[in-house]
Amino acid sequence: MLNRLLIIAKNTFIETLRQPIYGIIIIFALMLMVLAPTVSMYTLDEDIKLLRELGLSTLFLAGLFIAVFSATGAITEEIETGTITTVLSKPISRPVFVVGKFLGLSGAVALAHLICTIAYLMAIRHGVLERATDEVDWTVIIAGGGAILLTFILTAFLNYTYDWNFPATAITIAAITLSTGILFLAIVDDEWHINPAGSQFTAFDIYASILLWLALITLVALAVLFSTRFNVVVTLTCCVGVFLLGLISDWVFGRFAARNLSDPAYELTDQIGIILARIGTVVVPNLQIYWVSDAIYETGVVPAPYLLVALGYTVLYTAGILAIAIACFQKRQIG
630 MLNRLLIIAK NTFIETLRQP IYGIIIIFAL MLMVLAPTVS MYTLDEDIKL
680 LRELGLSTLF LAGLFIAVFS ATGAITEEIE TGTITTVLSK PISRPVFVVG
730 KFLGLSGAVA LAHLICTIAY LMAIRHGVLE RATDEVDWTV IIAGGGAILL
780 TFILTAFLNY TYDWNFPATA ITIAAITLST GILFLAIVDD EWHINPAGSQ
830 FTAFDIYASI LLWLALITLV ALAVLFSTRF NVVVTLTCCV GVFLLGLISD
880 WVFGRFAARN LSDPAYELTD QIGIILARIG TVVVPNLQIY WVSDAIYETG
930 VVPAPYLLVA LGYTVLYTAG ILAIAIACFQ KRQIG
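Just so you know, we're using this note's numbering here: the sequence shown kicks off at 630 and counts up by one.
In structure tokens, the structure reads:
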């Protein structure tokens, strides 16, 4: 069973990388990261704080759309075209199929998130040119631009010579070249000196990216759940709706769920509202625990133990959603 699970995950991962929309979203996110330092100049607050918020917002939204479109391409289209009957006609159970799809999609989302995170860190390293006397950080431009240029050269060569799939090859090579570029920037400062202390990278940015990655895992699970029952449009609508509701979960549900149900001052309707709010806090993912916007403008610190709390929440919530997805898919008529 494990071998079949890994085969489905691998095939899903490869097919996701080959989807044109996957590469388009990554390119669009990278373009926004490049423009972020320029846009961040127009603020009355500290420019670097706005740069961080723009970068993290781009990471979050890019991951959301990649998760949704990839899930619909991996599951919904297979159901609608009937190709899923070929897979399920083999000795592959539906739970293995769902979990394998989830693992493959999670890997693809993680790869895209890695690429966008590196671009975000490069933007943070470059910083905002607040004054006319500020100089461009050529180490960032050469490392980032060189990585992208090398990616296109190698991809074009491999595509022309060996007929490798262009989008999948480009994304894979970009992850390698950009990772090399960020490692270079981690040890070389803006004066081209070997100085790891001058890299200007902080644990805050790394932790913030990890938290967003955990949030994307929950969104992938939700996208898989919706894809087992709905078409592309409905899946996208549901995922965006849950995403927006999850960002304001504390305000919509949390403030009511925290009230004392046994308080005699509450009438029956109030008690029903409290019960529904408590149900909402369980059903709807609280995405605010992954979003560190407040920390950007206040402490600027994300405690390392907090990552373990977020990880535990993600594991439990994702496991519950996948269990529901498997139950829904078991009753789905195929073919």
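We put the CB at the ideal spot given by N, CA and C, even for glycine.
DSSP-derived helix/strand/coil call for Val817:
To locate residue 817, count along the sequence shown from 1; it is residue 188. Here Val817 sits in strand by DSSP.
If you scan the stretch 765-843 from start to end, which runs of the alpha helix (DSSP H) of 4 or more residues do you find wholly inside it?
767-791, 795-816
For the alpha helix (DSSP H) containing Pro724, list its first residue and its last residue.
Here residue 724 corresponds to residue number 95 of the sequence shown, with the count starting at 1. That run of the alpha helix (DSSP H) goes 723-755.
What's the C-alpha gap between Leu679 and Val863?
Within the sequence shown, residue 679 is the residue found at index 50, counting from 1. Within the sequence shown, residue 863 is the residue found at index 234, counting from 1. Approximately 33 angstroms between the Cα atoms of the pair.
Taking Phe694 as the reference, which of Gly733, Leu848, Thr715, Phe781 has the closest Cα?
Indexing the sequence shown from 1 puts residue 694 at position 65. For Phe694, the nearest C-alpha among the options comes from Leu848.
Please list, in chain order, all residues of the same chain as Gly827 whose beta carbon is under 6 angstroms from its beta carbon, the five residues on each side excluded.
Within the sequence shown, numbered from 1, the residue matching residue 827 stands at position 198. These residues qualify, in order along the chain: Asp818.
With 16 other CB atoms within 10 Å as the buried threshold, where does Trp842 fall?
Your numbering for residue 842 matches position 213 in the sequence shown. Per the 10 Å Cβ criterion, buried.
Which residues bound the alpha helix (DSSP H) around Leu634?
As a working note, residue 634 is residue 5 in the sequence shown. Counting along the chain, the alpha helix (DSSP H) containing Leu634 begins and ends at 631-647.
Between which two residues does the alpha helix (DSSP H) containing Asp892 stretch?
Numbered from 1 along the sequence shown, position 263 holds the residue referred to as residue 892. Where Asp892 is concerned, there is no enclosing alpha helix (DSSP H), given that its DSSP letter is neither H nor E.
If you run the structure through DSSP and keep just helix, strand and coil, what is Phe859?
The residue labelled residue 859 in the question sits at position 230 within the sequence shown. If DSSP states are grouped into helix, strand and coil, Phe859 belongs with coil.
Assess, as a yes-or-no matter, whether the stretch 848-862 is touched by the stretch 758-774 under the definition of 3 or more beta carbon pairs within less than 8 angstroms.
no
Limits of the unbroken alpha helix (DSSP H) element including Gln959:
Translated into the one-based positions of the sequence shown, residue 959 becomes position 330. Here the alpha helix (DSSP H) through Gln959 covers 933-959.
Ala804 and Ala665 closer than 8 angstroms at C-beta
As a first step, residue 804 is located in the sequence shown; it is residue number 175 there, counting from the start. As a first step, residue 665 is located in the sequence shown; it is residue number 36 there, counting from the start. If you check the CB distance, Ala804 and Ala665 do not come in under 8 angstroms.
Option in Arg888, Leu916, Glu706, Phe885 with minimal Cα separation from Ala939:
Against the sequence shown, residue 939 aligns to sequence position 310. Nearest C-alpha to Ala939: Leu916.
What is the residue span of the alpha helix (DSSP H) that Phe698 lies within?
For the purposes of this step, residue 698 is taken as the residue at position 69 of the sequence shown. First-last of the alpha helix (DSSP H) with Phe698: 676-700.
Going by C-alpha distance, which of Ala748, Thr790, Ala703, Ile704 is nearest Ala658?
Locating residue 658 in the sequence shown gives position 29, where the first residue counts as 1. With respect to the C-alpha of Ala658, the residue from Ala748, Thr790, Ala703, Ile704 having the closest C-alpha is Ala748.
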